[in-house]
Ligand code: DC
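Residue numbers (the numbering used here): 84 to 299.
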């Protein structure tokens, strides 16, 4: 069974999707990590994320693998490298290139073949796995997402301005939602969950319960 969990950043999507996959005993695919890795490879090779050709080349050579929380590209660990603010910004730029998306979508389908898996991203239910058996789309008000992100950064010892963070989130949302290819939107058959008033445990529970009822 394929379970898709899509939605913008800061909805708790990654944590919830990973936790749900553990409870269900499913594999887990973090597709955002793949776009981040492409951005990291582009920056590392001295190119601009706007450079569609360099980004497509990186996407085609990515050879991504995962081991629990750790991510590897061509055998080298990138787990920490892909979480910087620069990579976060650049990932949303490389994600706009059609050739990048094409390469990563086929890699995602290959990684998800013949297993029970939870796939997390922006386009998993709409483009990558339109026939997935169980689809979710998580949302939350941008201010709530900015607050959550601020808390994470403060815990990591990083000082940030709330208004700047909110603006960055709104700008990334706009880029993800308005891009012509695979824009961020819920699949028609996705269950939309507003995570604003819910704890991560409550969101996870809703997902697990629904998947189990589909499997019964
Ligand atoms: O979920 P994340 O923050 O790790 O994603 C990083 C970037 O990749 C984000 O700007 C959106 C993009 N992305 C995408 O376009 N499609 C996906 N399936 C996953 C992520």
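Heads up, the beta-carbon is just placed ideally off N, CA and C, and yes, glycines get one too.
Neighbourhood of residue i by C-beta distance below 6 Å, restricted to the same chain and skipping five residues each side
{"i": "residue 270", "result": "208, 209, 218"}
{"i": "residue 164", "result": "123"}
{"i": "residue 154", "result": "116, 161, 162"}
{"i": "residue 137", "result": "125, 130"}
{"i": "residue 198", "result": "110"}
Proximity test, residue i beta-carbon vs the ligand DC heavy atom, cut-off 7 Å
{"i": "residue 115", "result": "yes"}
{"i": "residue 271", "result": "no"}
{"i": "residue 251", "result": "no"}
{"i": "residue 255", "result": "yes"}
{"i": "residue 208", "result": "no"}
{"i": "residue 240", "result": "no"}
{"i": "residue 175", "result": "yes"}
{"i": "residue 204", "result": "yes"}
Secondary structure of residue i, DSSP reduced to three states
{"i": "residue 153", "result": "strand"}
{"i": "residue 87", "result": "strand"}
{"i": "residue 277", "result": "strand"}
{"i": "residue 163", "result": "coil"}
{"i": "residue 189", "result": "helix"}
{"i": "residue 148", "result": "strand"}
{"i": "residue 234", "result": "helix"}
{"i": "residue 225", "result": "helix"}
{"i": "residue 124", "result": "helix"}
{"i": "residue 292", "result": "helix"}
{"i": "residue 182", "result": "helix"}
{"i": "residue 93", "result": "coil"}
First and last residue of the uninterrupted beta strand (DSSP E) at residue i
{"i": "residue 204", "result": "200–204"}
{"i": "residue 219", "result": "217–222"}
{"i": "residue 110", "result": "110–113"}
Same chain only: Cβ atoms within 7 Å of residue i, ignoring 5 sequence neighbours per side
{"i": "residue 94", "result": "221, 222, 223, 228, 278"}
{"i": "residue 236", "result": "243"}
Span separating the alpha-carbon of residue i from that of residue j
{"i": "residue 230", "j": "residue 289", "result": "23 Å"}
{"i": "residue 91", "j": "residue 172", "result": "14 Å"}
{"i": "residue 302", "j": "residue 293", "result": "Residue numbering for the chain in the displayed model covers 84 to 299; residue 302 lies beyond these limits and cannot be assessed."}
{"i": "residue 248", "j": "residue 114", "result": "23 Å"}
{"i": "residue 267", "j": "residue 160", "result": "28 Å"}
{"i": "residue 132", "j": "residue 177", "result": "6 Å"}
{"i": "residue 202", "j": "residue 111", "result": "6 Å"}
{"i": "residue 261", "j": "residue 175", "result": "12 Å"}
For residue i, the first and last residue of its enclosing alpha helix (DSSP H)
{"i": "residue 255", "result": "245–261"}
{"i": "residue 133", "result": "Unbroken run through residue 133: none, as it is neither H nor E."}
{"i": "residue 169", "result": "168–177"}
{"i": "residue 282", "result": "Run containing residue 282: none; DSSP gives neither H nor E here."}
{"i": "residue 241", "result": "Looking at the DSSP string, residue 241 is not in any alpha helix (DSSP H), and its letter there is neither H nor E."}
{"i": "residue 267", "result": "Unbroken run through residue 267: none, as it is neither H nor E."}
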